[in-house]
Amino acid sequence: MEFTGERVVPDKTPHEIYREHIDRYIFAADFVRNKDILDVACGTGYGVEHLAKLGTKITIGADISIESVLYANEKFGSKEGKSFVCADGISLPFADETFDIVISFETLEHIRQYNRFLIECRRVLREDGLFICSTPNKRIFSPNEAKPPNSFHVKEFWSEEFYNLLQQYYMDITLYGQCDVTLADNQVEREYGVHNFIDNEQISPAYIIAVANNKSCA
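Take the sequence shown: its letters are residues 0 to 217, numbered as in numbering that gives the first Met the number 0.
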């Protein structure tokens, strides 16, 4: 499978891009032990493989691309407690309240029906389950553009917009940041680890990560 810029392909994706992505899974690993996990838009499956090694109960990767799912099965394999399925994020083939944690990194910006996607992720979460997701920060990537310059992206979000969107579905949301950018000179801090959210006149994160608790909004 070739690296086109849309999905991470182990051993073919440039190292700094791979680090950005795998460090999100390293962050998520703190939440997953002995849990049932769904990774929506899992791509080539490297994140599912990382999480499954840490003692999850069930780890399922779902992706709309059959090529990615076939690659994931070939490279990482399916075994008891770990599997890959071809599925659309706006119509997940799982029953209500199936998972303790739903993960979806760098997905929201690719989907036109992003509200429907968020509804589906919440539907398959158990009570008090966690939704862990990330998205690129519009303030960094396209602050003056109506359409994202990245051809794979449909919509990019400001941090406040991202938070307010998640508030429609979750009561308890914590934001984190990754790859902070010094706004005066657009210098990127190549510390890939996820950290406390900082967004002010001097610094803003290139990527916004949210951990949202599936408590009722009613």
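Ideal placement from N, C-alpha and C gives every residue a C-beta, glycine not left out.
Are the beta-carbon atoms belonging to residue i and residue j less than 8 Å from one another?
| i | j | result |
| --- | --- | --- |
| residue 100 | residue 57 | no |
| residue 158 | residue 182 | no |
| residue 7 | residue 20 | yes |
| residue 171 | residue 209 | no |
| residue 126 | residue 88 | no |
| residue 44 | residue 60 | yes |
| residue 106 | residue 123 | no |
| residue 128 | residue 213 | yes |
Check whether the Cβ of residue i lies closer than 7 Å to any heavy atom of the ligand GTP, and answer yes or no.
| i | result |
| --- | --- |
| residue 143 | Although the ligand GTP was asked about, the structure shown includes no ligands whatsoever. |
Using CA coordinates, which residue listed in the options is at the minimum distance from residue i?
| i | options | result |
| --- | --- | --- |
| residue 187 | 198, 129, 204 | 204 |
| residue 114 | 164, 59, 133, 138 | 164 |
| residue 152 | 32, 195, 134 | 134 |
| residue 160 | 108, 121, 128 | 108 |
| residue 154 | 111, 85, 128, 191 | 111 |
Let's see if you can read the secondary structure: which residues bound the alpha helix (DSSP H) around residue i?
| i | result |
| --- | --- |
| residue 200 | Premise fails: residue 200 is in no alpha helix (DSSP H) and is neither H nor E. |
| residue 184 | Per DSSP, residue 184 belongs to no alpha helix (DSSP H) and is neither H nor E. |
| residue 89 | Counting along the chain, residue 89 falls outside any alpha helix (DSSP H), and DSSP gives it neither H nor E. |
| residue 30 | Neither: residue 30 is in no alpha helix (DSSP H) and is coded neither H nor E. |
Need the endpoints of the beta strand (DSSP E) that residue i sits in, please.
| i | result |
| --- | --- |
| residue 125 | 124-135 |
DSSP puts residue i in a beta bridge; with which residues?
| i | result |
| --- | --- |
| residue 177 | 206 |
| residue 83 | 60 |
Assess, as a yes-or-no matter, whether the stretch 93-109 is touched by the stretch 66-73 under the definition of 3 or more beta carbon pairs within less than 8 Å.
-> By the criterion of at least three beta-carbon pairs nearer than 8 Å, the stretch 66-73 is not in contact with the stretch 93-109.
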